[in-house]
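As structure tokens, the structure follows; a few thoughts come after it.
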Amino acid sequence: MNSYLQSPARNQTTSLSFYKKLQFQILNEEDPSVVAQSGVAVLLNPDNFARPGLVFHRASWDKEVAQLEKTRRVHTQPDGHLVADPSGVWIYLKTTATPISSLPETGSILGKYAGVCLETADIQRSLELYQTLGFETDKGDAEHGWVACKNGDGMGISLMGPCCCPHLFFNPSLTYFNGGQNLPVIKAIREAGIPIAEEITHFNEEGVVDNVVLRDPGGLGMFIFND
Numbered sequence: 003m004n005s006y007l008q009s010p011a012r013n014q015t016t017s018l019s020f021y022k023k024l025q026f027q028i029l030n031e032e033d034p035s036v037v038a039q040s041g042v043a044v045l046l047n048p049d050n051f052a053r054p055g056l057v058f059h060r061a062s063w064d065k066e067v068a069q070l071e072k073t074r075r076v077h078t079q080p081d082g083h084l085v086a087d088p089s090g091v092w093i094y095l096k097t098t099a100t101p102i103s104s105l106p107e108t109g110s111i112l113g114k115y116a117g118v119c120l121e122t123a124d125i126q127r128s129l130e131l132y133q134t135l136g137f138e139t140d141k142g143d144a145e146h147g148w149v150a151c152k153n154g155d156g157m158g159i160s161l162m163g164p165c166c167c168p169h170l171f172f173n174p175s176l177t178y179f180n181g182g183q184n185l186p187v188i189k190a191i192r193e194a195g196i197p198i199a200e201e202i203t204h205f206n207e208e209g210v211v212d213n214v215v216l217r218d219p220g221g222l223g224m225f226i227f228n229d
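In the working numbering, the protein residues as written are 3 to 229.
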């Protein structure tokens with residue numbers, strides 16, 4: 003598995019406990035710690051310089067870096083390269099071996115995973131960056147404020163333009179769409195003792211909390227939505 007997310011883990015025990023409560027599988031306890039569910043993996047990085055971001059592995063990024071450097075700054079790292087897109091999300095282009103062999107087939111208490119969501123100030127430039135990294139447009143249209151793209155690993159990224167979402171937005175965020183069955187999911191989250199960053203009633207005419215936003219200890223967001 004060559005595509006995953008990174009979350010800073012200043013306290014490994016706290017970060018692992020958060021994901022265990024959500025019933026993510028622990029692929030590695032340490033060196034590095036990796037948690038996963040069907041569709042997504044998160045590396046918990048204890049390094050003081052680690053930031054929330056996306057990680058991609060390939061033997062060489064020379065061709066892609068040459069293209070990226072025409073429009074943005076690319077930083078050389080001991081294990082590859084670092085670049086950021088207009089959303090501010092850090093993208094780690096690594097040339098080392100991936101720490102993840104495969105993803106589990108089981109999910110978590112959060113429901114149906116739907117990919118990574120980013121809010122960006124320049125949706126077209128963000129899309130062009132991900133296309134350079136091997137993503138292809140899947141749905142939507144950048145000119146209309148939303149576009150989804152996917153790479154060969156199956157990682158899906160939805161790009162949202164400014165002022166599209168009436169709720170807290172943490173970049174990047176894991177997104178779950180539960181087809182109108184979100185209330186039992188929210189109940190399970192509360193029973194697991196997971197802090198809720200925002201309770202959302204905006205989409206419910208009766209003022210019911212039927213969508214919530216979570217945030218892991220390292221800053222990754224989680225959107226738990228009805229649809």
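Cβ atoms here follow ideal geometry from the backbone N, Cα and C, with glycine treated the same way.
Three-state secondary structure (DSSP) of residue i
| i | result |
| --- | --- |
| Pro10 | strand |
Per DSSP, the bridge partner or partners of residue i
| i | result |
| --- | --- |
| Asn213 | Ile202 |
| Gly223 | Ser175 and Arg217 |
| Asn47 | Pro10 |
| Phe5 | Going by the sequence as given, residue 5 is Ser instead of Phe. For Ser5, which the question treats as bridged, DSSP gives the partners Phe58. |
Residue i: first and last residue of the uninterrupted beta strand (DSSP E) it sits in
| i | result |
| --- | --- |
| Ser160 | Gly158 to Met162 |
| Val57 | Gly55 to His59 |
First and last residue of the uninterrupted alpha helix (DSSP H) at residue i
| i | result |
| --- | --- |
| Ala144 | Here Ala144 belongs to no alpha helix (DSSP H), and DSSP marks it neither H nor E. |
| Ile191 | Asn184 to Glu193 |
Assumed close pair residue i, residue j - CB separation to whole angstroms, cut-off 8 angstroms
| i | j | result |
| --- | --- | --- |
| Phe26 | Ser110 | 5 angstroms |
| Ala144 | Leu120 | Actually they do not touch by this definition, with Cβ atoms about 12 angstroms apart. |
| Ser35 | Ala11 | 7 angstroms |
| Asn47 | Gln79 | Wrong, their Cβ atoms sit about 13 angstroms apart, outside the cutoff. |
| His169 | Val215 | 6 angstroms |
| Pro174 | Pro54 | 7 angstroms |
| Ile125 | Val91 | Not quite, the Cβ-Cβ distance comes to about 13 angstroms (not below 8 angstroms), so this is no contact. |
| Val118 | Leu176 | 6 angstroms |
| Gly136 | Gly154 | 6 angstroms |
| Phe20 | Asp229 | Not quite, the Cβ-Cβ distance comes to about 25 angstroms (not below 8 angstroms), so this is no contact. |
| Val187 | Gly113 | 5 angstroms |
Residue i CB to nearest heavy atom of the ligand HEM below 6 angstroms
| i | result |
| --- | --- |
| Tyr94 | This structure does not include the ligand HEM; it has no bound ligands of any sort. |
Pick out the complete beta strand (DSSP E) segments inside the stretch 11-43, 3 residues or longer, and give them in chain order. Runs of the beta strand (DSSP E) inside the stretch 11-43: 27-30 and 35-39.
Ordered list of alpha helix (DSSP H) runs contained in the stretch 65-152, each at least 4 residues: Every unbroken stretch of the alpha helix (DSSP H) spanning 4 or more residues and falling wholly within the stretch 65-152 is given here in chain order: 125-134.
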